[in-house]
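As given, the protein sequences belong to chains A and B, one line each in that order.
Under our numbering, the letters of the first sequence match residues 1006 to 1480, in that order.
Under our numbering, the letters of the second sequence match residues 1006 to 1480, in that order.
Cβ coordinates follow ideal geometry from the N, Cα and C atoms, glycine included.
All values reported here derive from a predicted model rather than from experimental measurement.
2 protein chains.
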Amino acid sequence: MSNKKLVDSITSRSEDFAQWYTDLCLKAELMDYSDVQGFIIYRPYGYNIWENIQDYLNKRFKETNHQNVYFPMVIPESLFQKEKDHVEGFAPETAMITTSGVEDLAERLIVRPTSEVLFATHYAKVIQSHRDLPKLYNQWCSVVRWEKTTRPFLRGKEFLWQEGHTAHATEEEAREETLQMLDIYKDLGKEVLAIPFITGRKTEREKFAGAIETYTIEALMYDGKALQSGTSHYFGQEFSKAFDITFQNKDSKLEHVYQTSWGVSTRLIGAVIMVHGDDEGLVLPPYVAPDQVVIIPIQGKNSEVVDVTNNLFDELKAKGIRVKLDDSNRSPGWKFSEYEMKGVPLRIEIGPRDIKNVIATVVKRHNREKLQIPLKELSSKIPEILKEVHEEMYEKALDHVEKNIRIAKTYDEFKAHLDLGGYVKLSISGEKAEEIIKEDTGATARAIVEEDLVTEICPVTNEKATQTILFARAY
Amino acid sequence: MSNKKLVDSITSRSEDFAQWYTDLCLKAELMDYSDVQGFIIYRPYGYNIWENIQDYLNKRFKETNHQNVYFPMVIPESLFQKEKDHVEGFAPETAMITTSGVEDLAERLIVRPTSEVLFATHYAKVIQSHRDLPKLYNQWCSVVRWEKTTRPFLRGKEFLWQEGHTAHATEEEAREETLQMLDIYKDLGKEVLAIPFITGRKTEREKFAGAIETYTIEALMYDGKALQSGTSHYFGQEFSKAFDITFQNKDSKLEHVYQTSWGVSTRLIGAVIMVHGDDEGLVLPPYVAPDQVVIIPIQGKNSEVVDVTNNLFDELKAKGIRVKLDDSNRSPGWKFSEYEMKGVPLRIEIGPRDIKNVIATVVKRHNREKLQIPLKELSSKIPEILKEVHEEMYEKALDHVEKNIRIAKTYDEFKAHLDLGGYVKLSISGEKAEEIIKEDTGATARAIVEEDLVTEICPVTNEKATQTILFARAY
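1. Could you please tell me which residues of the stretch 1150-1163 of chain B, in chain order, have their CB closer than 8 Å to any CB of chain A?
2. Going along chain B in order, which residues have a C-beta closer than 7 Å to the C-beta of Ala1100 of chain A?
3. Hey, quick one: how far does the alpha helix (DSSP H) through Arg1272 of chain B stretch, first residue to last?
4. In angstroms, rounded to a whole number, what distance separates the CA positions of Leu1232 of chain A and Val1277 of chain A?
5. Shortest alpha-carbon distance to Leu1259 of chain B belongs to which of B:Trp1267, B:Ile1250, B:Thr1265 and B:Ser1266?
6. Tell me, please, whether the CB atom of Val1269 of chain A is closer than 8 Å to any CB atom in chain B?
7. With a Cβ-Cβ cutoff of 8 Å, do Phe1066 of chain A and Ile1115 of chain A count as a contact?
8. Could you check whether the Cβ of Asp1137 of chain B sits closer than 8 Å to any Cβ belonging to chain A?
9. Locate the beta strand (DSSP E) running through Gln1253 of chain A, then write down its first and last residues.
10. Given a cut-off of 8 Å, decide if Ile1378 of chain B and Thr1314 of chain B are closer than it, judged by their beta-carbon atoms.
11. Under 8 Å between the Cβ atoms of Pro1157 of chain B and Glu1112 of chain B?
12. At 8 Å on the CB atoms, spell out the chain B contacts of Glu1056 of chain A, in chain order.
13. Got a sec? Which residues, its chain only, sit under 7 Å from Lys1010 of chain A by beta carbon, not counting five neighbours each side?
14. Taking the straight line between their C-alpha atoms, what separation do you get for Thr1466 of chain B and Val1406 of chain B?
15. Does DSSP classify His1127 of chain B as helix, strand or coil?
16. Please classify Ser1336 of chain B as buried or exposed, where buried requires at least 16 neighbouring CB atoms within 10 angstroms.
17. Going along chain A in order, which residues have a C-beta closer than 7 Å to the C-beta of His1127 of chain B?
18. Tell me whether Leu1351 of chain A is buried or exposed, calling it buried when 16 or more other Cβ atoms sit within 10 Å of its Cβ.
19. In whole angstroms, give me the CA-to-CA distance for Glu1461 of chain B and Gln1472 of chain B.
20. What does the alpha-carbon distance come out to for the pair Leu946 of chain A and Glu1397 of chain B?
21. Look up Thr1460 of chain A in the DSSP assignment and say whether it is helix, strand or coil.
22. Beta strand (DSSP E) containing Ala1224 of chain A: first to last residue?
23. Select from the stretch 1062-1092 of chain B all residues with a C-beta closer than 7 Å to any C-beta belonging to chain A, and list them in chain order.
24. Any idea which residues DSSP pairs Lys1329 of chain A with across the strands?
25. 8 Å is my cut-off, CB to CB: does Asp1283 of chain A come that close to chain B?
26. Kindly indicate which residue of A:Ser1039, A:Gly1051 and A:Leu1225 has the alpha-carbon position closest to the one of Thr1155 of chain A.
27. Just to confirm my understanding: we take Leu1273 of chain B, look at its own chain, exclude 5 residues before and 5 after, and list those with CB closer than 7 Å. What are they?
28. Which ranges does the beta strand (DSSP E) cover as unbroken runs of at least 3 residues, wholly within the stretch 1076-1116 of chain A, from first to last along the chain?
29. For Val1459 of chain B versus Gly1205 of chain B, is the C-beta spacing smaller than 8 Å?
30. Taking Cβ positions, are Ser1270 of chain B and Trp1166 of chain B nearer each other than 8 Å?
31. So which of B:Lys1064, B:Met1078 and B:Asp1332 has the shortest CA-CA distance to Thr1119 of chain B?
32. With a threshold of 8 Å between beta-carbons, can Leu1123 of chain A be considered close to chain B, or not?
33. For Ile1410 of chain A and Leu1423 of chain A, I'd like the C-alpha separation in whole angstroms.
34. Can you tell me whether Ser1134 of chain A is buried or exposed? The criterion is at least 16 other CB atoms within 10 Å of its CB, across all chains shown.
35. Where does Ala1421 of chain A land, buried or exposed, given buried means 16+ other C-beta within 10 angstroms?
36. Considering only their Cβ atoms, is the gap separating Met1346 of chain B from Arg1033 of chain B smaller than 8 Å?
Below is the structure:
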């Protein structure tokens, strides 16, 4: 029976944040480990969070005229090596298929870590004229990167994501696309995940292998560390020249296309856990929660309670709310803890006394606020309360970010701020300063701040400062 | 420019059905080949057909309490070998990851050809009590099987599918599940694909590696060949014993669970093409078509025509119809051929004369029927007409099946019928007869017919007949 033992309690966040995180991933049944290190099983409760993210993004992608496609999961090794910067960035960590079991393959096949080269090859074949542009493709799939250190959702040998790959006739249009997708990701945070993402451009050192510019959405976790939660890349003509993707422009001249790519992954599930969770368990924002409301009957054998709770369940379901009715034999107390641990945004308690008083108790998971709502108004009020919960969670997370951006004018001040957690704004000379900071403190450049310099001189190298950066320790 | 050449015309079906099929797959932009033989690119028009199938099935799966999950794409070689029959069925055709590029793996990883062993391993861990049952999981993913001969959608080294894997407390419940999912697949044919599937049980020789019983949905292609289009398996306790998946039943006794699995794949896209297509191109059933209606303005510069067609487009879109307005500079004639080739179910033509007469011409793709519909009634009538088209297409396909089921009492009669295409019903003694038939004619047992025997003696072996089978040549 030893392999059947489940985690029984959650470590507190202050005691060991990393342990709290993995305890929660397992106990809330978001995932399980498989027999291969770094490959996880997305259980229904975890996978459904991803499906809710997919629904939102698919809607936004379609509104902006993107089309879904599916490309092969393998890339011939020789093809992968065609764009130099790209292969240098990815080569150390690619799984390879070398045999069909019966016979060895003539060429090793890389299991896609990302699909730029596949899209580029296809685009070279199907794009001929400006009339074929833009191509606005997106694919949902899993990718494989041979990471040594892995952690559920945050870093895995395999993860789920979407990767958009687009080709355009002009630089301007491609740059607009890059920023448009960054905005959609920011909206995903604001409207669905209740996470205020900081958006910005990455430094040369931190940008994607092969990109001219990489834009990022960064989230701040409860423990003060940052998490890169999605990226949008402008490639210019780097890939189109390497793969010869040309089109006849309106003046009948042959030109290379301008490209972008952008993606978010199941890492967002990790962000949701670490931004909102508390010592009792998950706290899920309503628009991403698999169950938005749980109804718990008090004295569940009472026939009036059965009727009222069943009716309420039907009414909420008819309104499109993701509702669960737990009429099992467990005690109300057990159920309260269980659904708190699972992070269900609202709990509705209804017992015989409530029915007599014609009210129900509604409890918000994120701040434990208790509301007394007349029974008759319940089903019409719940959508509003869910919206309220979403907004309160967003505001709380925003407040956490705002309180944790500090400005440093000296390197000592920088280090002291860093130890408080959160972001530190610093003006630096360039890549050399980034490397010293990484070496000394473990912090990395999260995003370039498009503002005036904090200091004229870089406090790290004593050279002339050229840009202001938000630094943080990060996952 | 040679690699940019596109297919310009479609071979006719009677001339070369196989060539017609691949011409169409490419020219209708359903797919493209990649650089690795057997791995195809699902282009937007092809992938969207799959998305429409997914939408229908996800709805039906959820109504029947199934939950989506995602399991790893790799299986350790040793784990794969745990269920003997299963590994024998799959071993010759599995791709293996053996290296991360930098260092060889301690154990070879099989890229999943199907995921029974992964689900079984997880179920062994998380199922403890009858309260944990049933587990009704489904996953959408791609799988890899190292097929030598490949053909777009029909047989590939990689394909997309859904695989359901369930665990139950009783044999009865698991058997019900197996048949319930078969029914849902049959409904998919009837309600979405306009394909009348023949459903039935597979023979011992044809069943899935490791299953006790395999049920199948079989479709009849235009050329008279059958296509296995989906399967639902009852496993009994085969896997639960091999993987030790036990639970405490209501009497507190330890029992092994009863399991099922079931799946359909992107092969269904091939079925849609080959059941409905004609010499002008694709003919798509309305509920699976990426575009259900195309509006083609005649004299598209005319401002009245612009207004009327734009309004119609908005109205149809608001009704949730997938509509396209082609107001490009191409000639109406070019557009007619283009959308016929792409199989758009309905074409609406509107020109200045139509506006004067307050009517529009609506043309059904599948039978070229032309309808004159008053402009005012158009947007309300279109949903009805789409339904009509769906039903007519289904009836036509059903008629094709019914006319192509023949009964044979002698082996000569069997062979003669077989050469006409379609199914031949024959009573046989068993596996030996199946093997002789396969050897002599290339035909295989598609499904067991649950009826009285046609003959008491098997015409192939002259032994006592034990079951009646639908035979056909198949893809």
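Once the coordinates are examined:
1. Trp1151 and Glu1163
2. Ile1102 and Ser1105
3. Arg1272 to His1281
4. 11 Å
5. B:Ile1250
6. no
7. no
8. no
9. Thr1251 to Gln1253
10. no
11. no
12. Asn1073
13. Note that Lys1010 of chain A scores a pLDDT of 35, beneath 50, so its modelled location is shaky; the value from the coordinates is reported in the next line. Excluding positions up to five away in sequence, the list is empty.
14. 28 Å
15. helix
16. exposed
17. Asp1037 and Ile1046
18. buried
19. 10 Å
20. Only positions 1006 to 1480 of chain A appear in the structure, and residue 946 of chain A is not among them; the question remains open.
21. coil
22. Glu1218 to Leu1225
23. Gln1072, Asn1073, Val1074, Tyr1075, Phe1076, Pro1077, Met1078, Val1079, Pro1081 and Leu1084
24. A:Val1299
25. no
26. A:Ser1039
27. Ile1058, Leu1198 and Ser1234
28. 1079-1081, 1101-1104 and 1109-1116
29. no
30. yes
31. B:Met1078
32. yes
33. 10 Å
34. exposed
35. exposed
36. According to the sequence shown, residue 1033 of chain B is Ala rather than Arg. Going by C-beta atoms, Ala1033 of chain B is nearer than 8 Å to Met1346 of chain B.
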